[in-house]
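The block underneath contains the structure these notes are about, expressed in structure tokens.
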Amino acid sequence: ALPSPSPSPSPPSPPAVSPSLSTMATMPPPPMWAVPPPNPVRVEVIREGAVVTHAMLTSSQLVIGRDPSADIVLPHPSVSRKHALLVHKEGGEVFAFDLGSTHGSSINRKPLPPKSYVRLDRGAMLRLGTSSRLVCVTAVEGEEEDATGDTANDATTGDKAGGA
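And the structure:
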């Protein structure tokens with residue numbers, strides 16, 4: 001009799017995961033300045049004036065597209081599988097980056113140049129393709145709290161936080 005083969009006759013295959021973003025040909029490496037935000041950044045998807053879903057940007061970048069593995073999935077025929085990125089920069093800025101999609105993107109109705117980082121101000125509306133859904137960064141690192149004067153940062157301004 002021949003010796004029995006080892007329990008795994010073929011080399012182990014890599015774990016079954018959705019296509020890694022790093023292996024997608026359309027995914028550029030994150031820019032050198034991309035850093036995770038110290039606090040999550042809220043990103044909302046709005047359709048007909050109502051928030052239909054949201055995601056939290058907790059890493060240096062977030063993928064938006066039609067593919068189920070995207071961080072924000074927009075199921076519309078004009079949205080590419082991997083359509084755009086939101087990238088966080090130190091200091092709280094968020095940038096939009098169109099990955100060279102077929103139908104393009106726009107910020108506040110102005111075309112977003114493909115494969116270029118464009119700052120996305122809080123409240124700006126990012127449209128992918130011709131989808132009626134809009135992507136909006138609604139809170140960046142506590143900016144909303146800063147506006148009310150209720151953050152811990154005010155404690156560093158001195159004793160006279162209130163004023164007359």
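The opening position of the sequence shown corresponds to residue 1 in full-length UniProt numbering, with each subsequent residue numbered one higher. Note that the Cβ used here is the ideal one computed from N, Cα and C, for glycine as well.
Q: Helix, strand or coil for L62, going by three-state DSSP, please let me know.
A: strand
Q | Other residues of its chain near W33: CB distance less than 6 angstroms, five sequence neighbours each side excluded | A | K89
Q | Status (buried if at least 16 other CB within 10 Å, exposed otherwise) for G104 | A | buried
Q.
Please tell me whether P36 and S59 are closer than 8 angstroms, where the distance is taken between their beta carbons.
A. yes
Q) Would you call S116 buried or exposed, if buried means 16 or more other Cβ atoms sit within 10 Å of its Cβ? A) exposed
**Q.** Nearest neighbour of L134, chosen from V52, P31, N39 and P38 [CA to CA]
**A.** V52
**Q.** Counterpart residues of M32 in DSSP-defined beta bridges
**A.** The partner list for M32 (beta bridge, DSSP) is empty, contrary to what the question assumes.
Q. DSSP beta-bridge partners for L134?
A. I46 and R127
Q | Local conformation of E93 per DSSP, three classes | A | strand
Q: Classify P113 as helix, strand or coil using the three-state DSSP reduction.
A: coil
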